[in-house]
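Heads up: the sequence lines are chains F and C, in that order. Under numbering that gives the first Met the number 0, the residue at position 182 of the first sequence is numbered 181, and the numbers go up by one with no gaps. Under numbering that gives the first Met the number 0, the residue at position 29 of the second sequence is numbered 28, and the numbers go up by one with no gaps. Taking it in order: structure first as structure tokens, then the write-up.
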Amino acid sequence: MRSWWWKIACVVLVLYTIIGGMLMPVPRLDILNETIRNLYYHVPMWFGMIVLFAVAFGYSVLYLRSGDLRHDLYAVSFTNTGIFFSVLGMLTGMEWAQYTWGAAWSNDPKQLCTAILMLIYFAYSILRSGLRDEEKRAKIGAVYNVFAFAMVVPLIFVIPRMVDSLHPGNGGNPAFAKYDLDSNMRMVFWPANVGWILLGVWIATLQTRLALVKYKRESIL
Amino acid sequence: MTKVFLTTVLLLLMSATGVMAQTEMADVMRADGKIYVVVVVLATIFAGIFAYLIHLDRKISNIEKENNIN
Numbered sequence: 000m001r002s003w004w005w006k007i008a009c010v011v012l013v014l015y016t017i018i019g020g021m022l023m024p025v026p027r028l029d030i031l032n033e034t035i036r037n038l039y040y041h042v043p044m045w046f047g048m049i050v051l052f053a054v055a056f057g058y059s060v061l062y063l064r065s066g067d068l069r070h071d072l073y074a075v076s077f078t079n080t081g082i083f084f085s086v087l088g089m090l091t092g093m094e095w096a097q098y099t100w101g102a103a104w105s106n107d108p109k110q111l112c113t114a115i116l117m118l119i120y121f122a123y124s125i126l127r128s129g130l131r132d133e134e135k136r137a138k139i140g141a142v143y144n145v146f147a148f149a150m151v152v153p154l155i156f157v158i159p160r161m162v163d164s165l166h167p168g169n170g171g172n173p174a175f176a177k178y179d180l181d182s183n184m185r186m187v188f189w190p191a192n193v194g195w196i197l198l199g200v201w202i203a204t205l206q207t208r209l210a211l212v213k214y215k216r217e218s219i220l
Numbered sequence: 000m001t002k003v004f005l006t007t008v009l010l011l012l013m014s015a016t017g018v019m020a021q022t023e024m025a026d027v028m029r030a031d032g033k034i035y036v037v038v039v040v041l042a043t044i045f046a047g048i049f050a051y052l053i054h055l056d057r058k059i060s061n062i063e064k065e066n067n068i069n
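See the structure below:
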């Protein structure tokens, strides 16, 4: 294992999130009750997804500049792990919504926007799987990925802030401002984000390394 | 006589429940609505997933060595 330190940091932070997230004091709010602790697990999935998609976008741009298939492999692995995180984020959000908003799906703007975003990225996977030739697949995939990431910004950061939503902090306000006032939650929330993001990066790098071995064996690289 | 008998039984029962309440042990795991049990379960899943992840990481490192990557 190369460079251990950030993987150790990942293990420590996620363990802290699980234990601290369950036992540290949280504000007592009606309806939400103890489910406010989901903030430590549901929200970091989206943070992780955004970081993974951003890294994938960076590698896609790098690939288009260099033509190095290694960069394409990184882009694919980070995108796939990002899709995985988005699915987890969507499922946990629906579970949470079922018991606090009264329904798993209530056409909340954030729900709709992330659903559209997930479809865009599903299409990325389908597009790639339809192309046999490595070079062509890499090039078309990279171009598509640049446009896909261009949709992340309006769908995640712009539209949800312009309309009213069931989510906290929407409708003109930056997210989390309400919860950030509580210093106890901040002590778990930010380490949680770093921990879960590192976990996503770890999984993505494992996928990339495996794909690199496969390419090397088939002497594509 | 029956009155005396009933009161003794009642007293015994009451004292028995009283004793039981006092002798309950390993209280930490049973306190606060048994949330600590959930924490232990989560920690177990966490340990399993990360052990698997580290195992995979090492396995891939070995394959990389065999194929002379890096």
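Glycine included, every Cβ here is placed at the ideal spot set by N, Cα and C.
Open item on the list: Quick check: is any heavy atom of the ligand NAP less than 6 Å from the C-beta of F/Ala210?
Closed with: The ligand content of the structure shown is nil, which means the ligand NAP is not present either.
Task: Alpha carbon of F/Phe52 to alpha carbon of F/Asn32, nearest angstrom - done: 33 Å
Task: Identity of the residue in F/Leu205, F/Val25, F/Thr80 nearest F/Val50 by Cα - done: Among F/Leu205, F/Val25, F/Thr80, the Cα nearest to that of F/Val50 belongs to F/Thr80.
Open item on the list: For F/Gly19, which residues in the same chain have their Cβ closer than 7 Å to its Cβ, ignoring the five residues on either side in sequence?
Closed with: Val187
TODO: Could you list the residues in the region 33-46 of chain C with a C-beta less than 7 Å from some C-beta on chain F, going in chain order?
DONE: Ile34, Val37, Val38, Leu41, Ala42, Phe45
- [ ] Take F/Val162 as the anchor and find which of F/Pro108, F/Met184, F/Pro190 has the nearest alpha-carbon.
- [x] F/Pro108
Open item on the list: Going by DSSP in three states, F/Leu165 sits in which element: helix, strand or coil?
Closed with: coil
Task: Length of the line joining the Cα atoms of F/Ala137 and F/Met117 - done: 20 Å
Open item on the list: Please list, in chain order, the chain C residues whose beta carbon lies closer than 9 Å to that of F/Met117.
Closed with: Chain C residues near F/Met117: none, gap ~23 Å exceeds 9 Å.
TODO: Run through the region 73-150 of chain F for me and flag every whole alpha helix (DSSP H) of 4 or more residues, listed as ranges in chain order.
DONE: 108-128
Task: Rounded Cβ spacing between F/Leu154 and F/Ile202 (contact assumed at less than 8 Å) - done: Between F/Leu154 and F/Ile202 a beta carbon distance of about 24 Å is seen, past the 8 Å cut, so the two are scored as non-contacting.
Task: Cα-Cα separation between F/Arg36 and F/Phe83, rounded to whole angstroms - done: 22 Å
Open item on the list: Could you check whether the Cβ of C/Asn66 sits closer than 7 Å to any Cβ belonging to chain F?
Closed with: Contacts with chain F at 7 Å (Cβ-Cβ) include C/Asn66.
- [ ] Compare the Cα-Cα distances from F/Gly199 to each of F/Val86, F/Ile30, F/Leu61 and report the closest residue.
- [x] Sorting F/Val86, F/Ile30, F/Leu61 by C-alpha distance to the C-alpha of F/Gly199 places F/Val86 at the top.
Task: Within-7 Å CB hit, F/Val212 to chain C - done: yes
Task: Supposed contact pair F/Met44 and F/Gly88 - C-beta distance, whole angstroms, cut 8 Å - done: 3 Å
TODO: Please say whether F/Phe77 and F/Phe148 have beta carbons closer to each other than 7 Å?
DONE: no
Task: Cβ-based burial, C/Ile34 [other Cβ within 10 Å; buried from 16] - done: exposed
- [ ] Consider the Cβ of F/Met21: report whether some Cβ of chain C lies at a distance smaller than 7 Å.
- [x] Chain C places a beta carbon closer than 7 Å to that of F/Met21, counting this residue as a contact.
- [ ] Quick one: residues in its chain with C-beta nearer than 8 Å to the C-beta of F/Tyr120, no 5 flanking neighbours on either side, listed in chain order?
- [x] Counting only Cβ-Cβ distances below 8 Å, and skipping sequence neighbours, we find Phe52, Thr78, Gly81, Ile82, Ser85, Ala147.
- [ ] Compare the C-beta of F/Val157 with all C-beta atoms of chain C and state if any pair is closer than 7 Å.
- [x] no
Task: Chain-ordered neighbours of F/Val10 on chain C, where CB pairs are closer than 7 Å - done: The contacting residues are Phe49.
Task: Under 9 Å by beta carbon: chain C residues contacting F/Trp201 - done: Leu52, Asp56
Task: Nearest-angstrom Cα separation, counted from F/Tyr62 out to F/Leu197 - done: 23 Å
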